[in-house]
Structures are given as C-alpha cells and as structure tokens.
Amino acid sequence: MTPAEAEVLFTSLYVAALAVAGSLPLAVVVAFALSRPRLPGRLALDGLVHLPVILPPVLVGFLLLILLGRRGPLGSWLDQAFGIHFAFTAKGAALATAVMTFPLFVRSIRLAFEAADTRLFEAAALLRAGPLDRFFTIALPLAWPGILAGAVMAFAAAMGEFGAVITFAGNIPGQTQTLPLAIYAALQQPGGEAQAWRLAAASLTVALTGLGGAELLQRWARGRLTG
Amino acid sequence: MMLEAHIQLHQGSFALQAVFRAPQGITVLFGPSGSGKSSILAALAGLKHMQGHVRLGGRDLQGLAPCRRGVGLVFQDARLFPHLSVRANIAYAWSRAPRHVVPSPDDIARFFDIAAQLDRPVTNLSGGEQSRVALARAVAAAPDFLLLDEPFAALDGVRRRAFIHVLLELHRAYGLSMLVVTHNIEDAAALASHLVALCQGRVVVQGRLSDVARDARFQALLDPRDVGAAIPANLLYSDHTPSEQALWLRADHVLLAAEAPRAISARNVLAGEIATIAREKNGSYLIELATSAGTVLSRLTGAAVRELELTQGKRAWALIKAHSV
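Keeping their order, the protein sequence lines are chains Y and W.
Quick note: the first sequence uses the working numbering, first residue 995, plus one each step.
Quick note: the second sequence uses the working numbering, first residue 8, plus one each step.
If you want it as structure tokens, here you go:
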C-alpha cells in the first residue's frame, strides 16, 4: 500500500468514525422515540428517518449542498456565526455519510430498545424513577449491546458511502477522498485497476472486521444480561 | 396509611367497578382467577387507565404518574433488573427513597434473609430468592403503601409460609400497610386483617376477616373443598418465632364428636354448641359449631348427622388434626 493509499484509508476511517460518533446521540434519541408505540407523529418521524434510503444518494448530497453550502440558508449562518464550513470538507463528508447511514443506525438501535422488557420500566417507575431516570438507568444499559452493534454496523456502512459524499464534499485527496471515492478515481485512470483492487481489499478488510467485532460484542453483552 | 379506592375500568367486554378501602394493616384482595384483582393493582399503581378516584392517607392519587404515587408494587414475576446485581437492585430503590425507614440496603437484605446473595447477579437466583429480592427492593423505596400481586405464586409450601411470616413481620416492624392479591384461601386467612372479596369485577363483600369469612357471599366464592372458617391461632413454626395469625380450617378437615373425646391423638379439640346445620346440594351437611375460639365449620355425611343425633343447640366437639392446618 502506497502512502497515498494509506492516507485514503485514514481519511475513510476518520470520516466514518466522525459520522458514527456525531450521529450517535441523535440516533439513540430518535430510536428510543420510535420504539415507543404511543408516540404522537411516530409514522411521520419514521418516514423522515428513512428518507435517505429511498432518495438517490446524489440527490441527498445535492440537498445538503443547497442547505449547507456557503450560500445556503443554514450554511451561510453557520459560516457567519461560528465560521464552520461543511461543503467540500472532511466534516462535510462525515455529515453526508451520517445522513446516509442514519436509517440503518436508528433501525438497529431501535430493535435493541424494542427487545428490552418494557415491564422493567413499570417496575422502575414504581421505585420512584421518573421518565428520564428510567431512560438512563434501565433503557440505555439494557440496549447498549444493540447500540454498540449498531454503531459498528453503521461504521462499516459508512466506509462505503459514495454518492452523497462526492456530491456534497467532493473528491479531494487528503481531505474528502474516502476509499470508494479513491476506487472510483483509480478506475477512471488507465491502468488503475491494481490500485483499485488494493483499496477494495482494504475496504473489505475493515468492513468484515467491523461486522465480526459487532457480532462478538453483542454475544458477550447478551451473555452478561442473561447469566 | 388508609387507601380508599373507587375504580372503574373497561377491558374489552370486561367491566370492573370496585369500591373498597384498605385500612392500616394487611388487606387481602381475594377472588377467583379473572375477577379483576391484578387490574385493580395496576390501576392503583397508575399503570392502567381508570376512572374514579384513589386516595392514600387523604391524598388523591388519580392522575399522578406511577413514580409520584408513593405506592410500591411487587409483581408476580419479580421484574428484577437483569443488568444489576442483587445489591444494585436494592440500592436502585433505596437511593430514590425520600426517607429511610431502614438504615441501609444491607440492613434491608438482612431483614429479608438475602444478605448472602447481595453480590450475585439476579439472573441466576431461584424463584424464592427472586421473590424476596423483589420484596426487599420494593420496601427499600420506602413506599407509603405496598401492593403485592400473588407474591406466593412461585413458592412451595415451606417457602410460602416463610414468606407470609416475612410479610407479617414487615407490617409489625415498620407499620407498612399492604394490599395483597391472592386466590389461595389459606394465604388470605394467614395474612388478612381486612379482606376484600371480588367476583367478576365487583366487590362482593369486605370487612374484617372474621366477619367476611362467615358471610355466605364469600363462602359462595370458594371452591367447595375450600369451604371452612377462619379462627385465630398461635402457630409455632419449627424455624420461626411464634406468630399470631388466623388459620383457615377447611370443613372437610374437621371431625365432630357428640361426646367429649378421650384418649385420642388429635391435638386440637374445641368444644362448642351447634349453631346451624345446612344441607348442601350434594347431600352432605355443613355444621356450624360456635366455640370459644370462634366459629368452626365441619362437613359431614347425612348418615353421620343422623347417627350422632346432631341438632341445633346441641353440644359437640370439633377435632382438628394439627397437620391439616
């Protein structure tokens, strides 16, 4: 692997890690909300969360560009108020990746919340624990194996995000060029197949390690809860 | 603390309308399966939507979230938190209690005889241990009133009696009032100072155990083999200190003698006067004997009644085998 390819791998890992870590709190809250059957507006929220699945990734990238580009309504405000830029930066690549992997992330966390025995919340309520208290002391600890597995899964999926990233963050080597973008760029050059294969192998290795790790973590954590 | 309830709720075609009170002490909510006992507990705890009102010591609980009612509930299925140890389960409740009647979670564990289990995960406790931990945890939250849903369901005979003893002790030591749901007449008699009998979502009769037990509407709820009478007793357990509680004497377990019996093995002989003789549908007779210890019921065949020439007002002796109680 050449230094340039190692840089691509590093960019990919950085973007995916930032995407997962940045979206984790929101994913947990949204997943918990969706796991409550009596939540008002649950269907609308569910539809909104799943929007990136049904929209073309390029369109998602384009919408982000409209919204968060330097002249976009949110982008110009962020620029003036905080000096933060998303478009064509690594942070932007992470944001586009986070939006695309969000449905998958939320789904796996939601399954973990739904699998938790809701009768335990009743038991906690009768021990004087309020709703927020129950969320942090019962719901989260019981769901954390699922949350962890969801995070690893989302990380693996984030490593492969293409359309939204290239549209919103561009394909800038050393900044926003992740593995799939580098593979795409390599395939555009004559004789670039060998490089593409090396990058593909790196991509596959990271993804498989992630999936295997998620499975092992989940087994270990479930074992702790069932004794 | 006195609990007063006027509960109305609907579950599909089942309509529940129960008006009752549970005074200071242990009240037993008794009734056959499907009579709405568990629904009443859920409504009192705020887990089920209801109409009407619930007052606890003059405070209106209706509309309050379960966590703000100050009511504890020991579920039939324990519902221990699987990610916490026994100690952490108890500490969970203890750390949220507004005041502490018991100095520490360890003292609570000692009271409930689970000190040796404190560091174990709750996932590999036996049924009896789980029931005790669930009760200890509920008490640690220092509830103003404790609800118990069939707490003996998972326990065998010896553990059952030990658990009843713990509940009586709990009331005696800490003055905690309780409402205990059961469909077992022996458990009901052993625990109740007050009894509320429920059938098909309605309160049939309520009052002091000794009064309710004699009520025909209450006896009609019982399985024919369970028909009997409650008498106060002072039981000597082999493994416990003496405990004053009522005993349920099944009519089938009581023999009658027309003369003072001599030289027999039965340890408990009660002399009295026959108050009533009632013929049952199947031809057997229920004899009500008024004794110094209370009313005792005995079920005899027609032949026995004729042979002994039993009549109202006649003196008779009830023989009870100690092992039948």
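Even glycine gets a Cβ: it sits at the ideal position worked out from N, Cα and C.
All values derive from a computational prediction rather than experimental measurement.
{"Query": "DSSP beta-bridge partners of Thr34 (chain W)", "Result": "W:Leu186, W:His201"}
{"Query": "Ser333 (chain W) vs Leu263 (chain W) beta-carbon contact at 8 Å", "Result": "Because chain W in this structure spans residues 8 to 332, residue 333 (chain W) falls outside the shown range and cannot be described."}
{"Query": "Enclosing beta strand (DSSP E) for Glu266 (chain W) [first to last residue]", "Result": "From DSSP, Glu266 (chain W) is part of no beta strand (DSSP E); its letter is neither H nor E."}
{"Query": "Under the three-state DSSP convention, the category Leu1142 (chain Y) falls into", "Result": "helix"}
{"Query": "Under the three-state DSSP convention, the category Gln15 (chain W) falls into", "Result": "strand"}
{"Query": "DSSP state of Leu296 (chain W) mapped onto helix, strand, coil", "Result": "strand"}
{"Query": "Cut-off 8 Å between Cβ atoms - residues of its own chain near Ile284 (chain W), not counting five sequence neighbours on either side", "Result": "Tyr292, Leu293, Ile294, Glu295, Val312, Leu317, Thr318, Gln319"}
{"Query": "Test: Ala1143 (chain Y) CB closer than 8 Å to a CB of chain W", "Result": "no"}
{"Query": "4-residue-minimum alpha helix (DSSP H) runs that sit fully inside the stretch 1032-1078 of chain Y, ordered along the chain", "Result": "1036-1048, 1051-1062, 1067-1076"}
{"Query": "Cβ neighbours of Ala1088 (chain Y) in the same chain (closer than 6 Å, five flanking residues each side left out)", "Result": "Val1009, Leu1012, Ala1013"}
{"Query": "Beta-carbon contacts of Pro1046 (chain Y) that lie in its chain and below 7 Å, excluding the five residues immediately before and after", "Result": "Val1054, Val1093, Met1094, Phe1096, Pro1097"}
{"Query": "Proximal residues of chain Y, C-beta to C-beta of Ala148 (chain W) below 8 Å", "Result": "Leu1120, Leu1121, Arg1122"}
{"Query": "Chain W within 8 Å of Pro1139 (chain Y), Cβ atoms only", "Result": "no"}
{"Query": "C-alpha gap between Ile14 (chain W) and Ala1119 (chain Y), whole angstroms", "Result": "21 Å"}
{"Query": "Whole-Å CB distance - Ala947 (chain Y) paired with Arg1104 (chain Y), under 8 Å assumed", "Result": "Outside the modelled stretch of chain Y, which goes from 995 to 1221, sits residue 947 (chain Y), for which no answer is possible."}
{"Query": "Nearest-angstrom Cβ-Cβ length linking Thr1083 (chain Y) and Ala1163 (chain Y), presumed shorter than 8 Å", "Result": "7 Å"}
{"Query": "Length of the line joining the Cα atoms of Arg144 (chain W) and Asp230 (chain W)", "Result": "34 Å"}
{"Query": "In chain order, each alpha helix (DSSP H) run of at least 4 residues that lies wholly inside the stretch 105-182 of chain W", "Result": "112-118, 134-147, 164-181"}
{"Query": "Span of the alpha helix (DSSP H) around Thr996 (chain Y)", "Result": "Here Thr996 (chain Y) belongs to no alpha helix (DSSP H), and DSSP marks it neither H nor E."}
{"Query": "Assumed close pair Phe1115 (chain Y), Arg1128 (chain Y) - CB separation to whole angstroms, cut-off 8 Å", "Result": "5 Å"}
{"Query": "Cβ-based neighbour list, Arg86 (chain W), same chain, cut-off 8 Å, excluding 5 preceding and 5 following", "Result": "Ala141"}
{"Query": "Interface flag, Pro1135 (chain Y) vs chain W, CB-CB below 8 Å", "Result": "yes"}
{"Query": "Minimum Cβ-Cβ distance from Arg144 (chain W) to chain Y less than 8 Å", "Result": "yes"}
{"Query": "Through-space distance from Arg1192 (chain Y) to Thr1199 (chain Y), alpha-carbon basis", "Result": "11 Å"}
{"Query": "Assumed close pair His90 (chain W), Leu1136 (chain Y) - CB separation to whole angstroms, cut-off 8 Å", "Result": "6 Å"}
{"Query": "Neighbourhood of Glu1155 (chain Y) by C-beta distance below 6 Å, restricted to the same chain and skipping five residues each side", "Result": "Thr1091, Met1094"}
{"Query": "Distance, Gln1212 (chain Y) Cα to Leu174 (chain W) Cα", "Result": "41 Å"}
{"Query": "Cβ-Cβ distance between Leu36 (chain W) and Val219 (chain W) below 8 Å", "Result": "no"}
{"Query": "Neighbour flag for Leu1114 (chain Y) against chain W, beta carbons, 8 Å", "Result": "yes"}
{"Query": "DSSP-derived helix/strand/coil call for Thr302 (chain W)", "Result": "strand"}
{"Query": "Listed by chain order, chain W residues near Ala1117 (chain Y) by CB distance under 7 Å", "Result": "Phe82, Arg86"}
{"Query": "Complete beta strand (DSSP E) runs within the stretch 1080-1143 of chain Y (minimum length 3 residues, chain order)", "Result": "none"}
{"Query": "Residue of W:Thr302, W:Leu326, W:Ala147 minimising C-alpha distance to Ile97 (chain W)", "Result": "W:Ala147"}
{"Query": "Arg76 (chain W) in three-state terms, based on DSSP", "Result": "coil"}
{"Query": "Touch test, the stretch 199-213 of chain W against the stretch 26-45 of chain W, Cβ-Cβ under 8 Å, three pairs minimum", "Result": "yes"}
{"Query": "Supposed close pair Met1147 (chain Y), Ala1208 (chain Y) - CB separation, criterion 8 Å", "Result": "6 Å"}
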